[in-house]
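A short write-up of the structure that comes next.
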Amino acid sequence: MKKTIITMLIALVAMFASAETYSYLKFTKTDNSTVAYSVEGLKVTYDASNVYITNAEGSATIALAQVKDMYFSNEGGTAPTVMIGDVNNDGDVTIADVTALIDYLLSGDESGINIAAADCNNSTDVSIADVTALIDYLLSGSW
Ligand SMILES: [Ca+2]
Ligand SMILES: [Ca+2]
Numbered sequence: 005m006k007k008t009i010i011t012m013l014i015a016l017v018a019m020f021a022s023a024e025t026y027s028y029l030k031f032t033k034t035d036n037s038t039v040a041y042s043v044e045g046l047k048v049t050y051d052a053s054n055v056y057i058t059n060a061e062g063s064a065t066i067a068l069a070q071v072k073d074m075y076f077s078n079e080g081g082t083a084p085t086v087m088i089g090d091v092n093n094d095g096d097v098t099i100a101d102v103t104a105l106i107d108y109l110l111s112g113d114e115s116g117i118n119i120a121a122a123d124c125n126n127s128t129d130v131s132i133a134d135v136t137a138l139i140d141y142l143l144s145g146s147w
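Taken in order, the sequence shown gives residues 5 to 147; the numbers are from the working numbering.
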């Protein structure tokens with residue numbers, strides 16, 4: 005029993021000690037975007053519907069319903085993660101993305117298209133070569 009308490013205390017101390025070295029408090033939202041807040045002067049409060057974040061840079065409010073995850077990190081950055089190949093933005097890379105990509109190349113219509121996910125061969129532009137790369141990925145399972 006004593007051993008358990010000591011172990012818990014060490015874990016707590018380690019937790020606080022490491023928390024002090026982190027530079028950002030980050031939130032992952034339900035749409036998988038992330039926001040980072042500097043821990044400098046950080047104060048976090050919440051009520052039944054929102055999280056209120058105040059730090060040296062200002063303040064922000066996030067609806068609790070939008071919060072998927074909350075954690076400390078040393079990396080800032082607010083760029084949402086992009087799933088390469090998920091051209092139609094439905095969370096999966098399938099043959100439907102090939103269709104969406106071809107439709108886009110033929111029509112030039114970006115509506116409903118995640119253009120950042122369409123550059124499958126990482127060439128910084130979207131062309132027929134990305135269709136080939138996407139089909140290769142679907143057939144082989146690797147980029
Ligand atoms: Ca998709
Ligand atoms: Ca490309």
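We treat Cβ as the ideally placed atom computed from N, Cα and C, and that holds for glycine.
For M87 and L143, what's the separation of their Cα atoms in angstroms?
Taking the straight line joining both Cα atoms gives about 17 Å.
Please state the DSSP three-state secondary structure of V157.
The displayed coordinates of the chain run from 5 to 147. Any statement about residue 157 would go beyond what the structure contains.
Going by alpha carbons, who is nearest to D102 out of M74, V48, Y75 and S131?
The amino acid at residue 102 is misidentified as Asp; the sequence shows Val. Out of M74, V48, Y75 and S131, S131 has the C-alpha closest to the C-alpha of V102.
Would you check whether ligand 1 has a heavy atom nearer than 7 Å to the C-beta of N36?
No - ligand 1 has no heavy atom lying nearer than 7 Å to the Cβ of N36.
Measuring alpha carbon to alpha carbon, tell me which residue in D73, N36 and N59 is nearest L46.
Of the listed residues, the one whose Cα sits closest to L46 is N59.
Apart from the five residues on each side of it in sequence, which residues of its chain come closer than 6 Å, Cβ to Cβ, to W147?
Closer than 6 Å at the Cβ level, and outside the excluded window around W147, lie Y141.
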